[in-house]
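Residue numbers (our numbering), protein chains in the order written: chain C, 92 to 308; chain S, 92 to 308; chain P, 92 to 308; chain Y, 92 to 308; chain U, 92 to 308; chain G, 92 to 308; chain W, 92 to 308; chain A, 92 to 308.
C-beta: ideal position from N, C-alpha, C; glycine also.
Number of protein chains: 8
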Amino acid sequence: GAPRYAELDLERTARRGYPEAVYCAGKTAAQVAGIAAAVRGRPDVITLFTRAQPEHAAAVLAELPDAFHDADAGLLAWPPTPPPPSGGLVVVAAAGTSDLSAAREAELTARYLGRPTELVVDVGVAGLHRILGRLDLLRRARVVVVAAGMDGALPSVVAGLIPAPVIALPTSVGYGAALGGLAPLLTMLNACAPGVAVVNIDNGYGAGHLAAQIAAD
Amino acid sequence: GAPRYAELDLERTARRGYPEAVYCAGKTAAQVAGIAAAVRGRPDVITLFTRAQPEHAAAVLAELPDAFHDADAGLLAWPPTPPPPSGGLVVVAAAGTSDLSAAREAELTARYLGRPTELVVDVGVAGLHRILGRLDLLRRARVVVVAAGMDGALPSVVAGLIPAPVIALPTSVGYGAALGGLAPLLTMLNACAPGVAVVNIDNGYGAGHLAAQIAAD
Amino acid sequence: GAPRYAELDLERTARRGYPEAVYCAGKTAAQVAGIAAAVRGRPDVITLFTRAQPEHAAAVLAELPDAFHDADAGLLAWPPTPPPPSGGLVVVAAAGTSDLSAAREAELTARYLGRPTELVVDVGVAGLHRILGRLDLLRRARVVVVAAGMDGALPSVVAGLIPAPVIALPTSVGYGAALGGLAPLLTMLNACAPGVAVVNIDNGYGAGHLAAQIAAD
Amino acid sequence: GAPRYAELDLERTARRGYPEAVYCAGKTAAQVAGIAAAVRGRPDVITLFTRAQPEHAAAVLAELPDAFHDADAGLLAWPPTPPPPSGGLVVVAAAGTSDLSAAREAELTARYLGRPTELVVDVGVAGLHRILGRLDLLRRARVVVVAAGMDGALPSVVAGLIPAPVIALPTSVGYGAALGGLAPLLTMLNACAPGVAVVNIDNGYGAGHLAAQIAAD
Amino acid sequence: GAPRYAELDLERTARRGYPEAVYCAGKTAAQVAGIAAAVRGRPDVITLFTRAQPEHAAAVLAELPDAFHDADAGLLAWPPTPPPPSGGLVVVAAAGTSDLSAAREAELTARYLGRPTELVVDVGVAGLHRILGRLDLLRRARVVVVAAGMDGALPSVVAGLIPAPVIALPTSVGYGAALGGLAPLLTMLNACAPGVAVVNIDNGYGAGHLAAQIAAD
Amino acid sequence: GAPRYAELDLERTARRGYPEAVYCAGKTAAQVAGIAAAVRGRPDVITLFTRAQPEHAAAVLAELPDAFHDADAGLLAWPPTPPPPSGGLVVVAAAGTSDLSAAREAELTARYLGRPTELVVDVGVAGLHRILGRLDLLRRARVVVVAAGMDGALPSVVAGLIPAPVIALPTSVGYGAALGGLAPLLTMLNACAPGVAVVNIDNGYGAGHLAAQIAAD
Amino acid sequence: GAPRYAELDLERTARRGYPEAVYCAGKTAAQVAGIAAAVRGRPDVITLFTRAQPEHAAAVLAELPDAFHDADAGLLAWPPTPPPPSGGLVVVAAAGTSDLSAAREAELTARYLGRPTELVVDVGVAGLHRILGRLDLLRRARVVVVAAGMDGALPSVVAGLIPAPVIALPTSVGYGAALGGLAPLLTMLNACAPGVAVVNIDNGYGAGHLAAQIAAD
Amino acid sequence: GAPRYAELDLERTARRGYPEAVYCAGKTAAQVAGIAAAVRGRPDVITLFTRAQPEHAAAVLAELPDAFHDADAGLLAWPPTPPPPSGGLVVVAAAGTSDLSAAREAELTARYLGRPTELVVDVGVAGLHRILGRLDLLRRARVVVVAAGMDGALPSVVAGLIPAPVIALPTSVGYGAALGGLAPLLTMLNACAPGVAVVNIDNGYGAGHLAAQIAAD
Ligand SMILES: Nc1ncnc2c1ncn2[C@@H]1O[C@H](COP(=O)(O)O)[C@@H](O)[C@H]1O
Ligand SMILES: Nc1ncnc2c1ncn2[C@@H]1O[C@H](COP(=O)(O)O)[C@@H](O)[C@H]1O
Ligand SMILES: Nc1ncnc2c1ncn2[C@@H]1O[C@H](COP(=O)(O)O)[C@@H](O)[C@H]1O
Ligand SMILES: Nc1ncnc2c1ncn2[C@@H]1O[C@H](COP(=O)(O)O)[C@@H](O)[C@H]1O
Ligand SMILES: [Mg+2]
Ligand SMILES: [Mg+2]
Ligand SMILES: [Mg+2]
Ligand SMILES: [Mg+2]
Ligand SMILES: [Mg+2]
Ligand SMILES: [Mg+2]
Ligand SMILES: [Mg+2]
Ligand SMILES: [Mg+2]
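Rendered as structure tokens:
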């Protein structure tokens, strides 16, 4: 049964077509363990655990030893096998190496929600030839997630080049006037190319979920 | 030919599948007139004029007398007939009567970019039965645009109820701590239900463009 | 006698009907111990110690070994027994599991100030059926405290459904554009449903105190 | 019948015990007129029109010539007679003469929702003897609304003196670092005396509505 | 002689090599006229009048009828003939038509301080081929001023392509989350390509002055 | 007698030694007229009317025809003759011509509160020789008020040169990142030279009042 | 001799009448030690070391073993004996116990700069009788420093009661919407009682220095 | 070969004339090690590693044992010998000792990009004679970098004294209203002396790179 400090939204897959995810950030390891134990009886839906610190991951793995775990992305999934890919291609692009963990969280979320995915890294606008060299891949996408910190300029450039919608994922990479990610967030909200959908700073889960919905058949 | 103060992105339809739009806000009426004259030779693509004040509209209509004009939405389109609708249904919902002009700009943009659209107004969360009474329509949508000011709570509620992605369109409706639309913008970026894509405050054009891309076949 | 670094407001119960509380956050353990020693001579009024870190709690318990202590809420009370409940019912609702400690601080404060209380957890708007399933309880309340982080949308929804006033308690749960709780704070100040009273971020003590005053006979 | 740009929440009185109010600020005079015409068939509930500019007021009065109108407060009410007062006393205090219109909006709202009210003006903390001279009245109140701009210090002082809850109503009175009312808003959220409920800047309607709920029998 | 409300920095050309400019924005027309009269005796140095509204321009022209005046840029210069161009080439690029007045102010300032200049307009990143088509010109520059509003992404892209330093000139073009130019300002401060020098929002004068200094022999 | 919308703090001179001032900004002309009429019976204390727009000034002058009026500073005083100067010298320095009205308001306030005053204008740090040329005067002051907008750097420089305290008066002169005066306000709060007292943006009245108190015998 | 990473302002006492202070916060212990060694040759002026962490204090005490050290205030002074008190009385008042370290830093600074001082603690506006009970002391002061966090309301109240100027010292005491001290800072800048001089958050050194200057003979 | 998480911009020297730098802040030590290994095959270009924590530095030195390392500046360079100096002189001035690490990062970057450099420290405006004593050096510079925290006033003063452009480098030195460096950043953007180029807070690398470009022959 469900623990008394959580009321899992078990109707979500029926209602929305996508399962609930457990946000670990504000929870104790004991609470996460309790939730992991509660979902063990439901191998028919995939449960994601997001923003998992090592102690959260250990708590999940103690209850669900075969769960998939990506430590960089802070993500666990159980059962561990993603569904067979269907729908359109989700391409995830990261402006710099430092944006990789948010980009990876987005890619894994889209994959566990059933989409085929591709990832390209370190293709920021400081060296424009890098993203221009991937135009073929970008043009095959049903939707592109673009993760960037600092100036957050890459989504504007990508959106101006392709027909597919772009999900702009601002990251907290940067310092000073980057304001913990507010600077790229504002850049993206003001993208001069239309077709840019913005999510919260470092919200790879949200970007991947939205991508999966857009790329659904 | 193109005027020297503007370099129209005439390749955009070829490159992206959607035509350029002319942002009137920072331009003189004379500049807008010059651009309107320049597009007269291209009836094969639809040109949108957005954020048109009365003097901008008059300048466009002087050059393109049969242009479509919606004064509430600040939008003109030429040629005036939208393409035959194709792709999935775009539903636009406005939380209050005061959000109507942004919502209408979104609806018209999606329609002129080729999608079928529906509009529902004054269905904010202060009286929850109103949005719950439209669930059938919302569930038929390929994508839903939700315009809201003040607390900006409606997109979270809608996203939690349906499988389609939600485009959250914050408006500058409100006062004081609404901060000219920053409050609903922040609400939407922090939506507790995944599947919410955020655009700039009062950016009905961007919301409609994104909706058209998502709902494309 | 009172220590020289503190001047306890011993007249407060006479003047206001509610006792003083000791805010531990900026005090040394030694200062808190000195205050605890000073109140030992006044078992006639209940003293609350709020925002107590483990070292503060240890200092209080060393002086007042039978004090009540809830570590999650960071709260101690002495004498340990709350007054017999009087006045109307205070219901405290938390949007997510992560909002539990603020919600619990509010509930305990209201109870130690003499009110009957109920707590419901994890009933956020992402799964609307959860709060709608508690309407009976909510309608029995004289006042409802609603704790929420992220989008902070739950108070607007609750206020729109019931006659009682709602105390909106924003929490620092969330990341990025949640701005440490400023996002839900702004949402609540802009609630589109009237009847929402806002307190400071994570201020469970203030929410519970206000609830006790509103629900007084 | 209801106009198509508005969906009046006619169930609100049944659901909440208080009628809907029409927020005029973002509406055209024609829209407000349409709504006024629609409520004419419902003399059984009092409808408030808030934030009415002169053109809004004229539109309402053209449809409902006997409506009550207070131009300073920007408020209209129809039918024009408030209900017989019941419940506890609502006292409204304004720190300065410049806070009068927000304070008056609060007082009128509470009165039209059925409560007895009193108003005191220009009793800010720069001359403390003024508010101290009204302690008798303040102590008779079931709830006190305190309107203040600039430093917003008055609610803290009042809350520290009386048992009743205080509704703090920040106003946009001030300049420079008053930040359009954000400075007193922050002051009030951080009140060092517990028992302070904060509403949006200049939100006299919200303060009065909340006061009426708190002071209900 | 100098009027008593102004103390012209007549030593500036000797000290810095560039003459003083008169900032008209906060001055009355009478004050500007007095200053214009005072400089009439100094035809040996060029005086610029910046941010001149029509009434300021009229006041200057009444005293100095042959002064150069560009109304779009809000700039006057007397004596009216710029010095013969020396030093390296200053290229000014504007992302959109709406950025033209700030860009023009920068270009004219650099020219009146003695540099050869070129201006290109409407070459924003939404249509990347436009700026890429000007690479030859950009590579010939000793310094490039790039004016942009909204996302402010163009300076990052330009800086990544050329050896010369880039002066990023944010403009107040945009709405909502553009925050009156703060969004492009932040973008530019966080440019992922090094070699970007930022000036204040809409500060075409400052950008042009800095460009003239950098491009000096 | 006092009008019912205002409660003049007539005890202030007895309590504090300085008379009340009437802040006109948020008041109607009729309210200001009523207050002017009320003070006519008290020629024994000087009443200041601050932030007076032309309609406020006309209202005061209708009641008190011989009142002193400085339109630039937005200030009126009645009776019109300042007290004979006593106490130390108050020097007011303005960084630019555009800061003159705030500086003048400060100087007049200090003079009407009884101090000898001197004013120097247009001595900002861009031409450092100007302020260095006034060191003799500055060193004779008991307190110096320094008004500056934009970078707000002048108070730091002055404070580092003299023994007297400096009152830093930030002005709203500037644009873009000057943020309506917040930039110089922050500069002044962070002055690297100790001995700087900061007041609100454009608050010439407050600066002058404080100067009068500091320079009192 | 002076170390090469620091250029002590040895002329300051001659120029300003008050000695330099060493700001330890951004310096290594080795740098602070080097400066301490350099001042050992100057026992004729008192050197203050502010914001000293334990490692800074140890470094100073290793070079100057008889230095005065107050760990709570983070302050050291050498030579250790303050000058004989002269000038007017400086009273320092702290709103809460948690404001004590900033208040103590102010008091010690004023004392080491030569003034007589008094300190009162925990006299915030939540219990107004506490500050009213000290009016006699406050009225004897030449200047009063008032330290407060949270709502920052105490300086307005004190300034309204006495003739002396008030130095408002905002502290970072509080949480959430206290914004690290910005909330009380804004309150103080907007004080409705004139005569309030504001310094930076937690800047006890600056407050004490300013107080010493104001209270100088 | 290049690791798959990074795509080094090896064309940068050819395209821009300056080599790529590796931003270590968001990277794991393993990633930095992989990049260091990849550049070992390219001794023909100098690679800089910026913002290197001790673990990053160890990782680089394990791969490139003879790399230059300055721990205060967080910078490594390989090959370790800077190019022979060419172009104009770059002078770097730091307002306080605490600004030294940012100033040093700027100086080293300019030197490794090929320029002659000089550094002066602790010459802030609180003791103006210090910077005035270096005017000869400042006047010999082709460009001056000025690092300052707190009030950020030094760049305005320097720019007003010399013909060369000034690069203003705000630092995060300060507390409270310094806002982590936002206060000096704003000061610099609003410099009242023209000729000031601003970079991000603590961005010594960016300041040094820009200086090298400006001072290039
Ligand atoms: N990383 C994430 N960011 C934002 N929302 C999330 C994240 N992970 C899960 N969620 C959502 O947050 C809700 C879970 O919150 P809780 O009830 O506190 O576990 C779920 O409805 C998820 O869809
Ligand atoms: N002045 C006001 N401030 C905040 N909310 C208001 C105000 N006046 C009316 N409302 C609420 O806003 C809603 C009306 O919005 P609308 O549908 O746009 O007329 C109603 O539900 C009212 O309860
Ligand atoms: N706690 C403090 N806050 C602000 N300024 C200070 C403080 N302590 C010292 N100062 C000033 O900062 C300067 C010292 O900075 P520095 O040269 O970095 O040691 C001196 O001129 C002091 O007057
Ligand atoms: N300290 C720094 N601050 C800002 N940008 C930097 C810094 N160091 C390197 N960069 C730039 O950031 C890019 C490297 O980012 P990355 O691909 O994540 O290594 C390079 O193009 C550098 O020019
Ligand atoms: Mg890279
Ligand atoms: Mg409505
Ligand atoms: Mg949950
Ligand atoms: Mg008054
Ligand atoms: Mg364009
Ligand atoms: Mg000047
Ligand atoms: Mg206390
Ligand atoms: Mg120093």
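Contact note: residue 245 of chain P does not reach chain Y at a C-beta cutoff of 8 Å; the least C-beta distance is about 17 Å. With its beta carbon at least 8 Å from every one in chain Y, residue 219 of chain P lies outside the interface. In this structure, DSSP gives residue 258 of chain S an extended state, which the three-state scheme calls strand. Between the alpha carbons of residue 123 of chain A and residue 151 of chain A lies a gap of roughly 7 Å.
By the Cβ criterion, the segment 269 to 278 of chain U is not in contact with the segment 191 to 207 of chain C, since fewer than three pairs of Cβ atoms, one from each stretch, lie closer than 8 Å.
Assignment of beta-bridge partners to residue 181 of chain W by DSSP yields W:208 and W:234. Under the Cβ criterion (8 Å, minimum of three pairs), the segment 211 to 225 of chain G does not count as touching the segment 156 to 172 of chain G. The beta-carbon separation of residue 149 of chain G and residue 94 of chain G, rounded to 18 Å, does not stay under the 8 Å limit for a contact. Contact of residue 229 of chain S with chain C by beta-carbon distance below 9 Å is absent, the smallest such distance being about 12 Å.
Residue environment for residue 111 of chain U: buried (at least 16 other C-beta atoms within 10 angstroms of its C-beta).
Residue range 287 to 289 is occupied by the beta strand (DSSP E) that includes residue 288 of chain G.
Taking a Cβ-Cβ threshold of 9 Å, none of the residues of chain A is close to residue 122 of chain U; the smallest such distance is about 17 Å. For residue 96 of chain U, the residues of chain G that pass the 8 Å Cβ criterion are 188, 191, 212 and 213, in the order they occur in the chain. The segment 231 to 245 of chain U and the segment 129 to 145 of chain U do not touch, with fewer than three beta-carbon pairs separated by less than 8 Å. Taking 8 Å as the cut-off, the Cβ atoms of residue 170 of chain A and residue 134 of chain A count as close. Secondary-structure assignment with DSSP links residue 239 of chain S through a beta bridge to S:261. Nearest CB-CB separation between residue 265 of chain G and chain A: below the 8 Å threshold. Residue 278 of chain A sits in a helix when the DSSP states are folded into three classes. CA-CA distance, residue 300 of chain W to residue 195 of chain Y, rounds to 45 Å. Contact annotation for residue 268 of chain C against chain A: 276, 291 and 292 [CB-CB distance below 7 Å, chain order]. By the neighbour-count criterion, in which a residue is buried when 16 or more other Cβ atoms sit within 10 angstroms of its Cβ, residue 147 of chain W is buried. A residue is called buried once 16 or more other Cβ atoms fall within 10 Å of its Cβ, and residue 226 of chain C, having fewer, is exposed.
Here DSSP, grouped into helix, strand and coil, assigns residue 166 of chain C to strand. One Cα belongs to residue 277 of chain U, the other to residue 275 of chain A, and the distance between them is close to 15 Å.
DSSP lists W:139 as the beta-bridge partner residues of residue 112 of chain W. Between residue 250 of chain U and residue 286 of chain U, the gap from beta carbon to beta carbon is short of 8 Å. With respect to residue 255 of chain U, residue 232 of chain U sits close: the two C-beta atoms are nearer than 8 Å.
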